[in-house]
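Visitor: Those protein sequence lines, which keep their order, are chains A and B.
Going by my numbering, the first sequence opens with residue 573, and the numbers climb by one from there.
Going by my numbering, the second sequence opens with residue 20, and the numbers climb by one from there.
Structure below; questions to follow.
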Amino acid sequence: ETGVTQTPRHLVMGMTNKKSLKCEQHLGHNAMYWYKQSAKKPLELMFVYNFKEQTENNSVPSRFSPECPNSSHLFLHLHTLQPEDSALYLCASSQSTGGNTGELFFGEGSRLTVL
Amino acid sequence: GQQVMQIPQYQHVQEGEDFTTYCNSSTTLSNIQWYKQRPGGHPVFLIQLVKSGEVKKQKRLTFQFGEAKKNSSLHITATQTTDVGTYFCAVFQGAQKLVFGQGTRLTINP
Chain A
573 ETGVTQTPRH LVMGMTNKKS LKCEQHLGHN AMYWYKQSAK KPLELMFVYN
623 FKEQTENNSV PSRFSPECPN SSHLFLHLHT LQPEDSALYL CASSQSTGGN
673 TGELFFGEGS RLTVL
Chain B
20 GQQVMQIPQY QHVQEGEDFT TYCNSSTTLS NIQWYKQRPG GHPVFLIQLV
70 KSGEVKKQKR LTFQFGEAKK NSSLHITATQ TTDVGTYFCA VFQGAQKLVF
120 GQGTRLTINP
């Protein structure tokens, strides 16, 4: 139990589907992250949120739409994905204070398969 | 932004042998973090190094930060099957953007 919970753990979707990944952290952290992990690029940062404000968008295609309603919850809305988007999507949280960020706590990940 | 090159990409050892993975940067790093990801698992934080020349130990794991703060290494003495996994270094590009190295995947022959 890492304190970061991701659902669903596995997701299969067609290219025309719309689905969402959910992440919830119980650690009281203020920063939350989405990473993509695939064989081609092991851990690729997608988005960073701090106090529910987006601070980083690592040139992610618009078919991935993040949402952070509060510091404890983070969503990744998926729409019109491509087969190459199949990957493990990892959520993480950290405590960021005064310009310094501590360690990241990762969830178990959501394994996405796009058919 | 700061990036790191991590080598080797793969390492296979006999149980009991030592293992080392290296991270190198062309720029001076403010700090560096190390994570371990077991097969089928998620990355787990191991340690953060901040000071020039810093050496930290965790049982059989020794972490070093170079004097110039441009490189770092993780050394495992006498590997055990529980050490199997992928080891990542990571550095910050800005306050919160944590960027990971390519990782070194360690496999062990028992």
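Beta carbons: idealized from backbone N, C-alpha and C, even for Gly.
Quick caveat, the model's predicted, so the values are computed rather than measured.
#1: Does the beta carbon of A/Leu593 sit closer than 8 Å to a beta carbon anywhere in chain B?
#2: Quick check: what's the CA-CA separation for A/Thr579 versus B/Glu34?
#3: Is B/Glu86 helix, strand or coil when you go by DSSP?
#4: Could you name the residues of chain A that B/Val118 contacts, counting a contact when the two beta carbons are closer than 7 Å?
#5: Taking only runs that begin and end inside the segment 614-652 of chain A, name each unbroken beta strand (DSSP E) of 3 or more residues, in chain order.
#6: Return the CA-CA distance between A/Lys608 and A/Asp657, expressed in angstroms with no decimal places.
#7: Relative to chain B, which residues along the segment 637-669 of chain A have a C-beta separation below 9 Å, given in chain order?
#8: Sorted by chain position, which residues of the same chain lie with C-beta nearer than 7 Å to A/Gly681's C-beta, five sequence neighbours on each side aside?
#9: If you reduce the DSSP assignment to three classes, tell me which class A/Glu596 lands in.
#10: Please work out which residues of its chain come closer than 6 Å, Cβ to Cβ, to B/Arg57, disregarding the five sequence neighbours upstream and downstream, and give them in chain order.
#11: Name the one or two DSSP bridge partners that A/Leu676 has.
#12: Give the interface partners of A/Thr673 over in chain B, defined as CB-CB distance under 8 Å, in chain order.
#13: Quick check: B/Gln52 and A/Glu675, are their CB atoms within less than 8 Å of each other?
Guide: Answer, in terms of the structure:
#1: Position 21 of the first sequence, counting from 1, holds the residue named residue 593 of chain A. No, its Cβ sits nowhere closer than 8 Å to a Cβ of chain B.
#2: To locate residue 579 of chain A, count along the first sequence from 1; it is residue 7. To locate residue 34 of chain B, count along the second sequence from 1; it is residue 15. Taking the straight line joining both Cα atoms gives about 36 Å.
#3: The residue given as residue 86 of chain B occupies position 67 in the second sequence. Here B/Glu86 sits in coil by DSSP.
#4: Within the second sequence, the letter at position 99 stands for residue 118 of chain B. The contacting residues are Leu617.
#5: 616-622, 625-629, 636-642, 645-651
#6: The residue you call residue 608 of chain A lines up with position 36 of the first sequence. The residue you call residue 657 of chain A lines up with position 85 of the first sequence. Going from the Cα of A/Lys608 to the Cα of A/Asp657 covers about 9 Å.
#7: Leu660, Leu662, Ala664, Ser666, Ser668
#8: Within the first sequence, the letter at position 109 stands for residue 681 of chain A. The answer, listed in chain order, is Gln578, Leu660, Tyr661, Leu662.
#9: In the first sequence, residue 596 of chain A corresponds to position 24, counting from 1. Strand.
#10: Here residue 57 of chain B refers to the residue found at position 38 when the second sequence is read from its first residue. Hits under 6 Å: Gly104.
#11: In the first sequence, the residue the question calls residue 676 of chain A occupies position 104. According to DSSP, which records beta bridges pairwise, A/Leu676 is partnered with nothing at all.
#12: On the first sequence, residue 673 of chain A is found 101 positions in, with the first residue counted as 1. Per Cβ cutoff of 8 Å: Phe111, Ala114, Gln115, Leu117.
#13: Working through the second sequence from its first residue, we reach residue 52 of chain B at position 33. Working through the first sequence from its first residue, we reach residue 675 of chain A at position 103. Cβ atoms of B/Gln52 and A/Glu675: closer than 8 Å.
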